[in-house]
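Chains A and B supply the protein sequences, listed in that same order.
Its first residue numbered 1, the first sequence is counted upward by one per residue in the numbering used here.
Its first residue numbered 1, the second sequence is counted upward by one per residue in the numbering used here.
There are 2 protein chains.
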Amino acid sequence: MERETLKKLAEIVGADHLTTTREELLCYSYDGSGLEYPPEAVIFPGNTAEVSRIMQLASAAGFAVVPRGAGTGMTGGALPVAGGVVMAMSRFNRIIEIDAANQVAVVEPGVITGDFQREVAKLGLFYPPDPASHQFCTLGGNVAECAGGPRAVKYGVTRDYVLGLTAVLADGRTIHTGVRTAKGVAGYDLTRLLVGSEGTLAIITAITVRLLPQPAARATFQLLFSELPAATSLVSRLLNRMTPCTLEYLDRTALKIVADQLPAPLPEATAALLLIELDGDREVVELQAARLNEFLANQEGLLEVRRAATGPETEQLWAARRAISPATFKLKPHKIGEDVVVPRSKIPELVACTEALAAKHGLLILTFGHAGDGNIHVNIMLDRQDPRELEAAEAATGELFAKVIELSGTITGEHGVGLTKSAFLGREIDAPTQAIMRAVKKTFDPQNILNPGKIFA
Amino acid sequence: MERETLKKLAEIVGADHLTTTREELLCYSYDGSGLEYPPEAVIFPGNTAEVSRIMQLASAAGFAVVPRGAGTGMTGGALPVAGGVVMAMSRFNRIIEIDAANQVAVVEPGVITGDFQREVAKLGLFYPPDPASHQFCTLGGNVAECAGGPRAVKYGVTRDYVLGLTAVLADGRTIHTGVRTAKGVAGYDLTRLLVGSEGTLAIITAITVRLLPQPAARATFQLLFSELPAATSLVSRLLNRMTPCTLEYLDRTALKIVADQLPAPLPEATAALLLIELDGDREVVELQAARLNEFLANQEGLLEVRRAATGPETEQLWAARRAISPATFKLKPHKIGEDVVVPRSKIPELVACTEALAAKHGLLILTFGHAGDGNIHVNIMLDRQDPRELEAAEAATGELFAKVIELSGTITGEHGVGLTKSAFLGREIDAPTQAIMRAVKKTFDPQNILNPGKIFA
Numbered sequence: 001m002e003r004e005t006l007k008k009l010a011e012i013v014g015a016d017h018l019t020t021t022r023e024e025l026l027c028y029s030y031d032g033s034g035l036e037y038p039p040e041a042v043i044f045p046g047n048t049a050e051v052s053r054i055m056q057l058a059s060a061a062g063f064a065v066v067p068r069g070a071g072t073g074m075t076g077g078a079l080p081v082a083g084g085v086v087m088a089m090s091r092f093n094r095i096i097e098i099d100a101a102n103q104v105a106v107v108e109p110g111v112i113t114g115d116f117q118r119e120v121a122k123l124g125l126f127y128p129p130d131p132a133s134h135q136f137c138t139l140g141g142n143v144a145e146c147a148g149g150p151r152a153v154k155y156g157v158t159r160d161y162v163l164g165l166t167a168v169l170a171d172g173r174t175i176h177t178g179v180r181t182a183k184g185v186a187g188y189d190l191t192r193l194l195v196g197s198e199g200t201l202a203i204i205t206a207i208t209v210r211l212l213p214q215p216a217a218r219a220t221f222q223l224l225f226s227e228l229p230a231a232t233s234l235v236s237r238l239l240n241r242m243t244p245c246t247l248e249y250l251d252r253t254a255l256k257i258v259a260d261q262l263p264a265p266l267p268e269a270t271a272a273l274l275l276i277e278l279d280g281d282r283e284v285v286e287l288q289a290a291r292l293n294e295f296l297a298n299q300e301g302l303l304e305v306r307r308a309a310t311g312p313e314t315e316q317l318w319a320a321r322r323a324i325s326p327a328t329f330k331l332k333p334h335k336i337g338e339d340v341v342v343p344r345s346k347i348p349e350l351v352a353c354t355e356a357l358a359a360k361h362g363l364l365i366l367t368f369g370h371a372g373d374g375n376i377h378v379n380i381m382l383d384r385q386d387p388r389e390l391e392a393a394e395a396a397t398g399e400l401f402a403k404v405i406e407l408s409g410t411i412t413g414e415h416g417v418g419l420t421k422s423a424f425l426g427r428e429i430d431a432p433t434q435a436i437m438r439a440v441k442k443t444f445d446p447q448n449i450l451n452p453g454k455i456f457a
Numbered sequence: 001m002e003r004e005t006l007k008k009l010a011e012i013v014g015a016d017h018l019t020t021t022r023e024e025l026l027c028y029s030y031d032g033s034g035l036e037y038p039p040e041a042v043i044f045p046g047n048t049a050e051v052s053r054i055m056q057l058a059s060a061a062g063f064a065v066v067p068r069g070a071g072t073g074m075t076g077g078a079l080p081v082a083g084g085v086v087m088a089m090s091r092f093n094r095i096i097e098i099d100a101a102n103q104v105a106v107v108e109p110g111v112i113t114g115d116f117q118r119e120v121a122k123l124g125l126f127y128p129p130d131p132a133s134h135q136f137c138t139l140g141g142n143v144a145e146c147a148g149g150p151r152a153v154k155y156g157v158t159r160d161y162v163l164g165l166t167a168v169l170a171d172g173r174t175i176h177t178g179v180r181t182a183k184g185v186a187g188y189d190l191t192r193l194l195v196g197s198e199g200t201l202a203i204i205t206a207i208t209v210r211l212l213p214q215p216a217a218r219a220t221f222q223l224l225f226s227e228l229p230a231a232t233s234l235v236s237r238l239l240n241r242m243t244p245c246t247l248e249y250l251d252r253t254a255l256k257i258v259a260d261q262l263p264a265p266l267p268e269a270t271a272a273l274l275l276i277e278l279d280g281d282r283e284v285v286e287l288q289a290a291r292l293n294e295f296l297a298n299q300e301g302l303l304e305v306r307r308a309a310t311g312p313e314t315e316q317l318w319a320a321r322r323a324i325s326p327a328t329f330k331l332k333p334h335k336i337g338e339d340v341v342v343p344r345s346k347i348p349e350l351v352a353c354t355e356a357l358a359a360k361h362g363l364l365i366l367t368f369g370h371a372g373d374g375n376i377h378v379n380i381m382l383d384r385q386d387p388r389e390l391e392a393a394e395a396a397t398g399e400l401f402a403k404v405i406e407l408s409g410t411i412t413g414e415h416g417v418g419l420t421k422s423a424f425l426g427r428e429i430d431a432p433t434q435a436i437m438r439a440v441k442k443t444f445d446p447q448n449i450l451n452p453g454k455i456f457a
């Protein structure tokens with residue numbers, strides 16, 4: 001970038017809020033994908049007006065702008081693949097308002113999801129979306145990716161909680177979408193169009209979300225199975241009877257790598273675990289728990305049902321579940337991590353496919369994830385320096401996606417397309433539909449300066 | 001329209017499925033708005049390929065196409081204000097698939113909402129959106145308007161149930177949006193962009209919806225109040241404690257016009273009624289009912305709480321509620337019916353405003369609706385032949401919208417903008433946001449042939 005442009009950027013935000021030093025650029029050249037693309041500068045705007053002026057300058061000078069939350073995304077969404085400026089939203093860190101009477105809050109995009117959840121909980125309120133990274137990730141990143149999490153099976157995903165947005169377009173115009181009421185249908189639903197658009201259509205500077213009353217109680221159950229299909233085939237049958245708050249699944253390998261973090265050692269015969277949580281009013285949870293136990297009474301392949309006795313024990317179970325993704329690197333230095341989704345009744349078929357792919361290609365593949373949504377995290381482990389493993393892993397990925405599409409599934413449930421899945425978008429979305437998506441992109445960002453190189457290959 | 005064009009249309013669908021007779025055109029020149037615009041022809045396509053060929057012809061010849069469900073919309077969405085062809089979707093009347101194991105269905109847009117609900121109920125499943133017209137309206141119309149209904153307070157609106165769409169663009173290309181899984185974030189969310197787009201972006205030919213398990217039990221309560229504010233101020237307090245399935249409100253005038261349809265006569269002192277329904281597992285409903293009674297024990301201005309004793313009594317209560325909108329015409333030959341939404345804690349202020357407007361302008365205004373969502377149907381009754389009343393009603397409408405915007409509300413919760421509210425869109429949506437909406441419209445429909453004259457004034 002030209003020195004003159006950098007000078008103008010510094011004038012907009014102040015010299016303290018722009019950096020071009022090599023060390024700092026390095027910090028912003030990674031994200032959860034493990035890939036690396038250094039930006040030419042990192043800018044830290046402090047308000048919507050500054051974002052607007054930055055985008056006016058970017059439009060005039062033609063440089064790329066890549067908005068960034070905490071960089072926990074798994075598909076390279078925050079990486080500046082075409083150079084330009086990373087716009088770090090860390091100064092947008094205020095909870096502007098929590099309107100408890102109306103169960104609505106207005107937040108800035110740099111607020112950390114877990115911090116926000118704790119703040120609303122103090123008022124007896126509940127913000128359900130809970131990506132595994134919720135202690136680090138930001139609400140802006142959650143909105144950009146339409147993040148999910150274990151509780152989606154009962155409560156839905158980020159999309160279901162966003163009522164309205166303030167956002168800056170590529171040319172610097174500021175728009176206000178949606179409402180702060182329970183309903184609203186005036187004009188096009190730009191709110192949900194921006195949710196999950198991965199920073200390619202606009203830069204979000206404020207988010208209005210709806211909240212729920214905090215559930216009074218929860219009960220957590222750990223189900224151990226001696227056979228993998230016994231676990232995976234139980235999912236859709238259970239969901240036709242009741243709606244737990246979470247219904248997570250871990251295969252044998254996933255269990256092994258977090259075994260030392262579980263509250264108690266597992267029987268050797270354990271082939272899979274389901275982690276089920278119920279929530280609601282105290283009496284309702286107990287009623288549901290009784291129904292769950294009744295349902296589980298005669299399930300084949302079920303070794304054991306343990307109910308977490310205490311809050312700390314529940315926390316330990318969840319900490320172990322959240323530790324899986326980072327712990328996979330105990331197995332191999334790299335992974336191809338997919339978050340495919342299939343109709344819930346097809347989970348056994350999907351998991352059988354991953355086992356067959358592992359055998360066929362001589363790969364270590366572990367699976368875990370949000371079984372209640374049919375959203376299975378398939379982790380193909382490899383050493384990228386080993387050409388055989390790399391080739392095998394890439395072949396297995398292609399075959400996995402083919403199976404997912406055959407089962408009427410999708411290539412991504414919550415991680416987004418970003419960089420790492422853009423080559424596969426055409427497997428799922430046909431040419432006319434992609435064409436109109438690209439036309440929408442062009443309408444919002446005719447110069448292709450907002451997070452270029454993402455979603456569309 | 002030219003004879004040659006009509007001949008080509010007849011070739012696409014067969015002569016039996018195109019009409020230009022005056023009598024039949026008349027039938028398609030009205031909708032729930034009470035306005036009248038006759039089309040030049042009505043066409044009844046039978047499948048997506050025919051819709052595609054019709055749109056190719058429309059693009060080439062430049063005539064307008066207005067998709068139409070059952071014509072129950074309240075804002076003129078189905079009216080051919082710029083002439084051209086009404087595309088009646090009545091032959092798209094098949095439920096293509098109900099996948100009970102995965103709680104998903106695929107339907108054609110001409111299926112009547114109530115018929116669909118009954119079909120899925122046979123399999124123990126539940127499709128919650130329930131606009132008052134659900135016995136007549138179609139799922140396609142519901143999607144086009146993002147229809148709501150009383151159950152939205154617990155279950156959300158049509159948007160929350162649509163997973164994917166097949167749709168034909170203005171130029172005849174067919175697109176496939178969304179997924180048939182619980183989650184999915186590949187590419188832009190065209191599904192929700194089309195939901196609520198009022199037939200201006202594409203013609204929907206298939207809809208994938210998610211379903212829930214049918215609640216086992218429900219309990220219905222009729223709360224009578226001696227003071228209107230006692231009823232309206234109870235809403236947000238109650239919702240901070242529990243989430244009923246419905247929380248409807250009727251003012252004194254609304255009650256009077258359906259009094260003969262209620263299960264029992266109301267005390268003379270009744271100034272307002274709240275209709276509360278709880279649903280879920282049998283034991284859970286009884287627990288909630290006990291909590292509701294506890295909460296209601298010391299509410300000021302509450303005359304009486306009656307629980308509907310039987311299924312037929314519940315049905316009668318709901319039939320009375322649904323009868324209000326048509327019954328208003330007992331009072332005056334015409335009405336301006338608005339479906340504004342405000343934050344729930346602001347309902348008392350909104351209702352007080354409507355009373356003040358009635359007094360100031362010498363008008364009869366009644367209010368009722370989905371108080372749980374803050375979605376109040378404000379009916380300004382008038383005789384359009386009376387110039388004083390017309391002028392007063394129009395002035396009151398403008399003042400009502402000003403108050404709604406002041407209260408951080410929206411001009412439409414579920415009826416859409418259509419024709420009747422397009423002049424007011426600018427009160428709610430600022431110029432840059434409208435500009436990008438119009439740019440989206442132009443991207444989808446560069447010739448402005450899909451339902452022209454709607455949403456944007």
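Ideal placement from N, C-alpha and C gives every residue a C-beta, glycine not left out.
Could you tell me the distance, in whole angstroms, from the CA atom of residue i to the CA atom of residue j?
i, j, result
"Ile336(A)", "Glu414(A)", "15 Å"
"Pro263(B)", "Arg322(B)", "14 Å"
"Gly141(B)", "Ile12(A)", "48 Å"
"Asn293(B)", "Pro265(B)", "22 Å"
"Glu248(B)", "Thr420(A)", "48 Å"
"Glu349(B)", "Ala272(B)", "15 Å"
"Ala359(B)", "Pro229(B)", "17 Å"
Does the Cβ of residue i have 16 or more other Cβ atoms within 10 Å, making it buried, or fewer, making it exposed?
i, result
"Leu18(B)", "buried"
"Asn47(B)", "exposed"
"Thr21(A)", "exposed"
"Asp458(A)", "Look at the range of chain A in this structure, 1 to 457, and you will see that residue 458(A) is not part of it."
"Gln222(A)", "buried"
"Lys442(B)", "exposed"
"Arg388(B)", "exposed"
"Phe329(A)", "exposed"
"Leu366(B)", "buried"
With a threshold of 8 Å on Cβ separation, who are the neighbours of residue i within its own chain once the five nearest residues in sequence on each side are excluded?
i, result
"Gln434(A)", "Leu425, Gly426, Phe456"
"Arg438(A)", "Phe456"
"Leu363(B)", "Leu357, Ile380, Met381, Leu382, Glu389, Ala392, Ala393, Ala396"
Nearest by alpha-carbon distance to residue i: which of the options is it?
i, options, result
"Gly34(A)", "Gly418(A), Glu145(A), Pro452(A), Leu450(A)", "Gly418(A)"
"Gly69(A)", "Thr397(A), Phe63(A), Gly172(A), Glu145(A)", "Glu145(A)"
"Val104(B)", "Arg218(B), Leu407(B), Leu273(B), Pro213(B)", "Pro213(B)"
"Ile95(A)", "Gly73(A), Glu119(A), Met87(A)", "Glu119(A)"
"Ile54(A)", "Thr208(A), Asp373(A), Arg344(A), Val86(A)", "Val86(A)"
"Asp279(B)", "Lys154(B), Lys8(B), His377(B), Asp430(B)", "Lys154(B)"
"Leu357(B)", "Asp339(B), Val378(B), Gly374(B)", "Val378(B)"
Looking only at its own chain, which residues have a Cβ that is under 6 Å from the Cβ of residue i, when we skip the five neighbours before and after it?
i, result
"His176(B)", "Thr166"
"Glu313(B)", "Pro263"
Enumerate in chain order the residues of its own chain whose CB-to-CB distance from residue i is below 7 Å, with the five nearest sequence positions on each side excluded.
i, result
"Met74(B)", "Gly32, Ser33, Gly337, His415"
- Task: Below 8 Å between beta carbons is the criterion; list the residues of the stretch 165-183 of chain A that meet it against any residue of chain B, in chain order.
- Result: Leu169, Arg173, Thr174, Ile175, His176, Thr177, Val179, Arg180, Thr181, Ala182, Lys183
- Determine which residues of the stretch 183-216 of chain B have a Cβ less than 9 Å from any Cβ of chain A, and write them out in chain order. Lys183, Gly184, Val185, Ala186, Gly187, Tyr188, Asp189, Leu190, Thr191, Arg192, Leu193, Leu194, Val195, Gly196, Ser197, Glu198, Thr200, Leu201, Ala202, Leu212, Pro213
- Item | Contact set between the stretch 364-392 of chain A and chain B, restricted to residues whose Cβ is under 7 Å from the partner | Asp373, Gly374, Asn375
- Task: Could you list the residues in the stretch 139-155 of chain A with a C-beta less than 8 Å from some C-beta on chain B, going in chain order?
- Result: Glu145, Cys146, Gly148, Ala152, Val153
- Within 8 Å of chain A by C-beta, residues of the stretch 412-434 of chain B in sequence order: Thr412, Gly413, Glu414, His415, Gly416, Val417, Lys421, Leu425, Glu428, Ile429, Asp430, Pro432, Thr433, Gln434
- Query: Going along the chain, which residues of the stretch 326-353 of chain A sit with their C-beta nearer than 7 Å to a C-beta in chain B?
  - Reply: Val341, Val342, Pro343, Arg344, Ser345
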